[in-house]
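One point on numbering: in this note's numbering, the residue at position 52 of the sequence shown is 43, and numbering is uninterrupted. Heads up, the beta-carbon is just placed ideally off N, CA and C, and yes, glycines get one too. Because the structure is a prediction, the values reported are computed rather than measured.
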Amino acid sequence: MNGHSGHSGRLRRTRRFGSMSMLNIFNVSGSAVSAQSQRLNTVATNLANADTVAGPDGQSFKARQVLFQTLAMGDSGAAGVRVANVLEDQTPGRRVHDPKHPAADGDGYVTYSNVNAVEEMVNMISASRSYQNNVEVMNTAKTLLLKTLQMGQGS
């Protein structure tokens, strides 16, 4: 014999796998928290520029959208998320006829950003909830790990 039974080896592998699973939970949720944080920052930028007008170059602010991509997390098959790109929405800006406005063009139109404040608020709520849910997942995993450690100390 090799000094330990097959049962003990199986138990050891289960513990190692369990630890890796818990670490994956933190990695996956952490990647989501980071991605949603960037999404929230992008939404904040969009909302801050919602009512801006085109500058002297005639270009108005263009809303930005975060593009997510699946991110493999090791050999366990777990997948997280990362921000692949931040894209500008190419939809034309809102044009309002206001010939007295200092930024009006030759035809009396003022071009505003293409930010839709209602869509951005929906994006903000969605990103905020996803962020909060992933923080809660990490807190729950932490609590479970601590309870597991306390169980080992009690015997």
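At the C-beta level, G84 and N107 stay beyond 9 Å of one another.
In this structure, the beta-carbon distance from S67 to N125 does not fall below 9 Å.
At the C-beta level, A132 and S20 come within 9 Å of one another. Under DSSP, R86 forms a beta bridge with T102.
Using a Cβ distance threshold of 9 Å, E79 and A41 do not count as a contacting pair. Judged by DSSP in its simplified three-state form, N40 adopts coil rather than helix or strand.
Per DSSP, A70 is one residue of the beta strand (DSSP E) stretching across A70 to E79. A39 is not a Cβ neighbour of V74, given a cutoff of 9 Å.
The C-alpha of V44 is placed about 8 Å away from the C-alpha of Q50. Sequence-distant partners of T82 (beyond 5 residues in either direction) whose C-beta falls short of 6 Å from its own C-beta, in its chain, are N105.
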